[in-house]
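Enquirer: I'd like to ask some things about the structure below.
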Amino acid sequence: MIPLIVNTPDPMAKVRVLTTKDYSTKTLKTLHTAGVLHVEKSEELKPVDKEAIEKERGEVGELLTSINDILSYIPEGETVSPTEDVGVIYTRPLSEIDSEVRLLCTKLSNMHQKAAKLSEEVEKLQGLSKYLSSLEPLADIRLRDLDFSGSYLFSRVFILPNEAYQLLYHEIKDYLLDSNAITLENETIFYIIARVRDQKTVESVVRSGGGEILQIPEADLTVREFLEVTDGNIHSLEGELAELHAEIERKTRENLEELVLFREALSAETERLAVLEKACEAKYVTLIEGWIPENNIEDTISELKENIDFVFVDTRKPEQAEEPPTKLRNIGALKPFEVLVNMFGTPKYREWDPTPLTAYSFAVFFGLMLCDVAYAIGIILAARFLIRKFVDDPYSEGYRLFQRVLYISGGVALVLGLLTGNYLGDVYYLLFGVDSVLHLGPVREWLTDPISFIILSIILGLIHVNTAHMMALIGGVIKRDKGIVVNKIALFTLQIFGIPIILLWLFNISLPVSPGVYTIFLYIVGASVVAIVVSSFMQRGGLGAIFWIFDLTGLLGDVMSYARLAGVGLATFYLASSFNMLAKLFSGMIPGVIGVILGAILAVVVLVFGHLINLALSGIGCFVHSLRLCFVEFLSKFYEGGGEVYSPFRLKTRPALIKGKA
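With the first letter of the sequence shown counted as 1, position 609 gets the number 664 in this note's numbering; the numbers rise by one all the way through.
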């Protein structure tokens, strides 16, 4: 969902930190300082933990092999003095090192593979050239005649060990029609012609004696012509191979310092893992388990490896059956309202966070009910200076967020108060005998006329309640809950086609449509009611026979409940006006000069204490009623809560409170 409508918690990862018992205290202090691990009760060390260490050690070994293969092209005995500390690389997460090493080695590895193929091809051509060049008496014979298979005759070139030639020759000489043998160092090149019927026997005897068939290329060339071509190819390939080796050496030298740093860091890593692997066998390890936000994993691993010599950190995504703690991630302006959502229930890890919608709703409701410039300023000042005296820890994060809720909600009330021209009710009329000119006419009319205010409240209620039902519908579609989907769609159609009928019956307000259309509306309303009954059975079974009624009455009751916005808002204004009237009455009650002075003093007392009482009552009332509308009429429709608050193991810094003697 869009983060400005509803949000989702921060993605978490399950973390298991293993270290030797000698380093357990230091590990805990490092985690305490990092302040991101939500600690959970650890299970016993399992074989899987040792397997994870072995797996990581294998990955480190693979990276080391890749680096050593590349460094093998540097002349032996050459020294490198890295300018960077190897510890900087060693403390980085393995995944980060792995990606950089592989990226660095990919191009060089491709060049190495190409060089290996060229070397293999050169070696193959050199070997073939060596054997064929020894067949000088057969220089003018064509290659296809050296490896021929016909219907009657066949020819082959065998490579035999010298010591095996004489023995093998005596075994097969009776099968041969012609042969030619040339000794070359410790091998004999043996060319034979024989009958096809004896081919299997001859080849079997040669192989059993350790001989092999020389693979002759399929080319329409004589031996002499082939040797000339091959000699040119060998020189060409050797030149290409020399250039490639020079390029590999140049590229390696460009990254030599970095490669050496990676090699040293990986060597240290494999030694560390070897110690931990042995410690697992001896059961001399400490296991710390918990949850860390995904975006903090790399920094945490780096810090652990920087401070702890022998530590292994295994991370994985949460399994479906697991319920990680919830770390909310709303933008700064909406974050304070997380306090209100947590009062209802912390979102579960896989549940929507309704903080954005709750923030808009609460602030607007509070502002509509207070709607007075002076009272809004009073609420803001009370949040800043007064309320903190009644809490145990005014520096706690919870209280600071609560303060900001009052600041924002008071700010909305301040803006609406300016638009309606409300300053301590109508105190300007008492002082100047005229209405305030600093207001916006339509807004003032909506929020001071009782009927208009009630209509506005009910419209807001329809929007707010149906927003909650829409969220429930979307959730039902995602969860594939047919009962919820049918129920919410039926509620929407009931309102869309039922409200025009109610307006016609109760207020004689009709839409510009023919009377027959209202008959269709009635059928749709009836079908919607039936659908609500059916959905109630789908969700609650037999109890649905009763609870469907509450779906209908609840919808009406929920919407009408928003009339409290007008009730509290008008009560705040009229009570303020009443104190203003009392002050005006007292100011002129006693005749004479002394009476004027005493009346003025009495009026001021009435104004101060009256408005302070109204401010306190209004502040509490606006907060409580806004909270009720958000909790009962809104969140209860689609939001479950019940998650665990993300509470990391961390050092908390706050001002020290020193209490002296009374």
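For every residue, glycine included, the Cβ atom is placed at its ideal position computed from N, Cα and C.
This one's a predicted model, so the numbers in the text were calculated from it and none came from an experiment.
1. Once the 5 residues before and after E242 are set aside, which same chain residues still bring their CB inside 8 Å of it?
2. Could you spell out the range, first to last residue, of the beta strand (DSSP E) harbouring I601?
3. Nearest by alpha-carbon distance to I587: which of F547, I575, S565, F562 is it?
4. Going by other Cβ atoms of all chains shown within 10 Å of its Cβ, with 16 needed for buried, is K444 buried or exposed?
5. Please state whether the Cβ-Cβ distance between F641 and G654 is less than 8 Å.
6. If contact is defined by three or more beta carbon pairs under 8 Å, each pair taking one atom from either stretch, is the region 58-67 in contact with the region 402-409?
7. Does DSSP classify T401 as helix, strand or coil?
8. Note down the Cα distance separating F508 from A621, rounded to an integer number of angstroms.
9. Got a sec, what are the start and stop residues for the beta strand (DSSP E) R459 sits in?
10. Classify G643 as buried or exposed, calling it buried when 16 or more other Cβ atoms lie within 10 Å of its own Cβ.
11. Could you tell me which uninterrupted beta strand (DSSP E) segments, each at least 3 residues in length, are contained entirely in the region 639-691, listed from first to last along the chain?
12. For W346, list the residues DSSP reports as bridge partners.
13. In terms of residue numbering, what span does the beta strand (DSSP E) encompassing V212 cover?
14. Tell me whether the region 620-640 and the region 414-430 touch, counting them as touching only if at least three CB pairs, one residue from each stretch, are closer than 8 Å.
15. Does the beta-carbon of F281 have 16 or more other beta-carbons within 10 angstroms, so that it is buried, or is it exposed?
16. Give the secondary structure of Y478 by DSSP, where H, G and I count as helix, E and B as strand, and everything else as coil.
17. Could you check what DSSP says for V700 in three-state terms: helix, strand or coil?
18. Quick check: the region 285-295 against the region 178-185, are there 3 or more CB pairs under 8 Å?
19. How long is the line joining the alpha carbons of T85 and E361, rounded to whole angstroms?
20. Rounded to a whole number of angstroms, what is the C-alpha to C-alpha distance between L712 and A438?
21. Comparing C-alpha positions only, which one of E353, S184, Y246, T238 sits nearest to I227?
22. Contact check, D233 vs I248 under 8 Å by CB: the rounded distance?
23. Ends of the alpha helix (DSSP H) at F440?
24. When the Cα atoms are used, what is the spatial distance from R459 to R112?
25. What is the C-beta distance between G553 and S616, in whole angstroms, given that I count them as a contact (C-beta under 8 Å)?
26. Give a yes or no on whether the C-beta atoms belonging to K76 and V340 are separated by under 8 Å.
27. At what residues does the alpha helix (DSSP H) containing L515 begin and finish?
28. In chain order, what residues of the same chain have a beta carbon less than 7 Å from the beta carbon of K537, not counting five sequence neighbours either side?
29. On the CB-based measure, 16 or more other CB atoms within 10 Å of its CB, does N123 come out buried or exposed?
30. Could you compute how far the alpha carbon of S174 sits from the alpha carbon of L296?
31. Applying the 10 Å Cβ sphere with the 16-neighbour rule, what's the burial state of T74?
32. Comparing C-alpha positions only, which one of S121, E95, Q221 sits nearest to V70?
33. Given a cut-off of 8 Å, decide if A414 and F399 are closer than it, judged by their beta-carbon atoms.
34. At the level of alpha carbons, what is the spacing between G476 and L389?
35. Whole-angstrom Cβ separation of T401 and E699, contact assumed at under 8 Å?
Expert: Judging by the given coordinates:
1. As a first step, residue 242 must be located in the sequence shown, where it is residue number 187. Excluding residues within five positions, the ones whose Cβ falls inside 8 Å are I214, L215, P216, N217.
2. The residue given as residue 601 occupies position 546 in the sequence shown. For I601, there is no enclosing beta strand (DSSP E); the residue is found in the alpha helix (DSSP H) stretching over 599-615.
3. Along the sequence shown, one-based indexing puts residue 587 at 532. Ranking the options by Cα distance to I587, first place goes to F547.
4. Here the question's residue 444 lines up with position 389 in the sequence shown. With fewer than 16 Cβ atoms within 10 Å of its Cβ, K444 is classed as exposed.
5. Taking the first residue of the sequence shown as 1, we reach residue 641 at position 586. Taking the first residue of the sequence shown as 1, we reach residue 654 at position 599. Contact flag set, yes.
6. Output reads yes: the region 58-67 touches the region 402-409.
7. Within the sequence shown, the letter at position 346 stands for residue 401. Residue state, collapsed to three classes: coil.
8. Here residue 508 corresponds to residue number 453 of the sequence shown, with the count starting at 1. Here residue 621 corresponds to residue number 566 of the sequence shown, with the count starting at 1. Rounded to the nearest whole angstrom, the C-alpha separation of F508 and A621 is 5 Å.
9. If you number the sequence shown from 1, residue 459 lands on position 404. DSSP places R459 in no beta strand (DSSP E) but in the uninterrupted alpha helix (DSSP H) bounded by 452-475.
10. Taking the first residue of the sequence shown as 1, we reach residue 643 at position 588. Per the 10 Å Cβ criterion, exposed.
11. Fully contained in the region 639-691 is no beta strand (DSSP E) run of length 3 or more.
12. Here the question's residue 346 lines up with position 291 in the sequence shown. DSSP output for W346 lists K69, H93 as bridge partner(s).
13. In the sequence shown, counting from the first residue as 1, residue 212 sits at position 157. From DSSP, the beta strand (DSSP E) with V212 extends over 208-216.
14. Enough Cβ pairs lie closer than 8 Å, so yes.
15. In the sequence shown, the residue the question calls residue 281 occupies position 226. Per the 10 Å Cβ criterion, buried.
16. Counted from its first residue, the sequence shown places residue 478 at position 423. Strand, per DSSP.
17. Taking the sequence shown and counting its residues from 1, the one referred to as residue 700 is at position 645. If DSSP states are grouped into helix, strand and coil, V700 belongs with the strands.
18. The region 285-295, when compared against the region 178-185, does touch it at the 8 Å Cβ threshold.
19. Looking up residue 85 in the sequence shown gives position 30. Looking up residue 361 in the sequence shown gives position 306. Roughly 10 Å separates the two Cα atoms.
20. As a working mapping, residue 712 is identified with position 657 in the sequence shown. As a working mapping, residue 438 is identified with position 383 in the sequence shown. With a pLDDT of 44 at L712, under the threshold of 50, the modelled position of that residue is not reliable, and no figure is offered here.
21. Your numbering for residue 227 matches position 172 in the sequence shown. Selection E353, S184, Y246, T238 evaluated against I227 yields Y246 as nearest (Cα-Cα).
22. Here residue 233 corresponds to residue number 178 of the sequence shown, with the count starting at 1. Here residue 248 corresponds to residue number 193 of the sequence shown, with the count starting at 1. I248 and D233 do touch by the CB rule: their CB atoms are close to 4 Å apart, below 8 Å.
23. Walking along the sequence shown from the start, residue 440 turns up at place 385. For F440, no alpha helix (DSSP H) segment is defined, and its DSSP state is neither H nor E.
24. By 1-based counting over the sequence shown, the position of residue 459 is 404. By 1-based counting over the sequence shown, the position of residue 112 is 57. So the alpha carbons of these two residues sit roughly 50 Å apart.
25. Taking the sequence shown and counting its residues from 1, one reaches residue 553 at position 498. Taking the sequence shown and counting its residues from 1, one reaches residue 616 at position 561. For G553 against S616, the beta-carbon gap comes to about 18 Å, at or over 8 Å, which does not count as contact.
26. For the purposes of this step, residue 76 is taken as the residue at position 21 of the sequence shown. For the purposes of this step, residue 340 is taken as the residue at position 285 of the sequence shown. Yes, they are a contact pair.
27. In the sequence shown, counting from the first residue as 1, residue 515 sits at position 460. Here the alpha helix (DSSP H) through L515 covers 505-534.
28. Locating residue 537 in the sequence shown gives position 482, counting from the first residue. M593.
29. One-based indexing of the sequence shown puts residue 123 at position 68. Burial call: exposed.
30. Position 119 of the sequence shown, counted from the start, is the residue given in the question as residue 174. Position 241 of the sequence shown, counted from the start, is the residue given in the question as residue 296. Answer to the nearest angstrom: the Cα atoms are 7 Å apart.
31. As a working mapping, residue 74 is identified with position 19 in the sequence shown. Within 10 angstroms of the beta-carbon of T74 lie 16 or more other beta-carbons, which makes it buried.
32. Counting from one through the sequence shown, the residue named residue 70 turns up at place 15. Residue nearest to V70 within the set S121, E95, Q221 is E95 (criterion: CA-CA distance).
33. Position 344 of the sequence shown, counted from the first residue, corresponds to residue 399. Position 359 of the sequence shown, counted from the first residue, corresponds to residue 414. Not a contact, by the Cβ cut-off of 8 Å.
34. What you label residue 476 is simply residue 421 of the sequence shown in a count that begins at 1. What you label residue 389 is simply residue 334 of the sequence shown in a count that begins at 1. Answer to the nearest angstrom: the Cα atoms are 28 Å apart.
35. For the purposes of this step, residue 401 is taken as residue 346 along the sequence shown, with counting starting at 1. For the purposes of this step, residue 699 is taken as residue 644 along the sequence shown, with counting starting at 1. Indeed they touch by this definition, with Cβ atoms about 7 Å apart.
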